[in-house]
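Have a look at the structure below, then the notes.
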Amino acid sequence: MIDTKILDEQYISHTYSRFPVEIIEGKGSFMYDVEGKEYIDLGSGIAVNIFGACDPLWVEAVASQLGKLQHTSNLYYTQPCTQLAKLLCEKTGAKKVFFGNSGAEANECAIKIARKYAKEKKGEDTYKIITLKNSFHGRTITTLAATGQDVFHNDFLPLTDGFIYAEANNIESVKNLVKSNKVAAIMFECVLGEGGVLTLEDDFAKGLYSLAKEEDILLICDEVQTGNGRCGEMYAYMHYGIQPDIVTTAKGLGGGLPIGACMMFDKTENVLKYGDHGSTFGGNPATCAGAISVVSRIDDKLLAEVKAKSDYIFKSLSGAKGVKSVSGMGLMIGIETEKDASLVINECMSNGVLVLKAKTKVRLLPPLNIPMELLERAIEVIKKACE
Ligand SMILES: *Cc1c(COP(=O)(O)O)cnc(C)c1O
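Quick note on numbering: the working numbering labels position 306 of the sequence shown as 344, and the sequence is numbered without any gaps.
See the structure below:
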């Protein structure tokens, strides 16, 4: 640990403030540090390891593909990305998929589609995209512009032009922007993750959908964090009975390897043409083989388990001593604590439970298949830490 910490400080750009823990191994919902200490992991590497660490079926799928071919270019056909795209389309009704390597890239792709669609349908001057205040859409200059939080913007101006921000759960604020601007798309998360695990209300989500439909504005749902079973449905928008025109996802999709996907529905499937977009690693066979093993196991049984675990967490923590409120959906949960969230997080860590932060809240993103008995143990630790 000492060596790694010193080397990290010397050689790694100081963009992360890390906890004083060096993780060297994981198994299922457990993580182990270099001193041999065991942790129950309620962070999943920020919603990535949805079947925990080194899930055997995922390891087997990736390893077996690695033994055949680790990469080729997108100049040739390969089976894993094709199969994964088919699976995603079958599970969502999407018509086409573009693969990149991260959430930010999935969103970049969506933004390019929205700009091109609007330009072709409504003319050059229609390019504005409405996003929500406190949203998070990525770290590139364009997805930072989409991110409705000034703290991320200030040192990097000017950002990409054309993003305007509405209040989450305030449909009038969206309508006002639509009235006074030429709007190409509305982009939103169903649960604002980095923004403090704030869930969109049913009326608001339905309101976005009808507004977008009436005005032929594209609806882009950013499911980078909420997707792939995390919120108790395959994708969180499915809770609302709405249909986005584009859905982006990443994080949990690859089960631990980098991948991003931009899914296009009826209106958007043919917007991108040859040469409009690309990615060297996008659709990588090993990554996609792992993703197939993940996505094919997100079924009704797993989703029912996610909902049951979610109910358990809400019941255990709501009204517990030191807990002001519990928010979120499925296994994406925010806990507003009386104590400073960082104190709670550190106390949990000393007691062998890894949890995350979102704004001023403690955030939980456990592996979807965490055994109930481990979850119960971890929640007891959290409750004690909140007292
Ligand atoms: C994490 C996240 C992103 C960015 O994903 P990266 O893979 O880090 O580029 C975008 N949108 C949401 C909602 C996220 O949670």
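Cβ coordinates follow ideal geometry from the N, Cα and C atoms, glycine included.
> What do you get for A431, buried or exposed, if any count of 16 or more other CB atoms within 10 angstroms of its CB means buried?
Replying inline: An answer regarding residue 431 cannot be provided, because it is not within the stretch 39 to 425 covered by the chain.
> Using a threshold of 7 Å, is the CB atom of N145 nearer than that to any non-hydrogen atom of ligand 1?
Replying inline: yes
>> Quick check on V72 - is its C-beta less than 8 Å from some C-beta in chain C?
In response: Structure shown: chain C not included; a single protein chain is present.
> Quick one: complete alpha helix (DSSP H) runs, 4+ long, within the stretch 321 to 407?
Replying inline: 323 to 333, 338 to 355, 379 to 388
> So G245 is in the alpha helix (DSSP H); what residue range does that whole segment cover?
Replying inline: 240 to 253
> Using a Cβ-Cβ cut-off of 8 Å (strictly less than) and excluding sequence neighbours within five positions of N266, which residues of its own chain qualify?
Replying inline: I88, M272, Y273, T287, K289, G290, L291, V332, V333, I336
>> If we require 3 or more residues per run, which beta strand (DSSP E) segments fall completely within the stretch 280 to 308?
In response: 284 to 287, 298 to 302
>> Considering only their Cβ atoms, is the gap separating C424 from K353 smaller than 8 Å?
In response: no
> Is any heavy atom of ligand 1 found at a distance shorter than 7 Å from the C-beta of Q263?
Replying inline: yes
>> Just to confirm, is the Cβ distance from T169 to A184 under 8 Å?
In response: yes
> Which value, in whole angstroms, describes the spacing of the CA atoms of L195 and F201?
Replying inline: 13 Å
>> On the DSSP letters alone, give me the boundaries of the alpha helix (DSSP H) that G141 sits inside.
In response: 141 to 160
>> Using 8 Å as the threshold, is the C-beta distance between C326 and P94 below it?
In response: no
>> Check whether the stretch 145 to 154 and the stretch 100 to 119 are in contact - that is, three or more C-beta pairs closer than 8 Å.
In response: no
>> When you compare the stretch 225 to 235 with the stretch 366 to 378, are there three or more beta-carbon pairs, one atom per stretch, that lie closer than 8 Å?
In response: yes
>> How far does the beta strand (DSSP E) with A169 in it extend, from its first residue to its last?
In response: Correcting the residue identity first, residue 169 is Thr in this sequence and not Ala. Looking at the DSSP string, the run of the beta strand (DSSP E) that includes T169 is 166 to 170.
> Can you list, in chain order, the residues of its chain whose CB lies under 6 Å from that of T42, leaving out five sequence neighbours each side?
Replying inline: E60
>> Using C-beta distances below 8 Å, list every residue in its chain close to M367, excluding the 5 sequence neighbours before and after it, in chain order.
In response: C228, V229, T237, T264, C269, G270, A274, H277, S348
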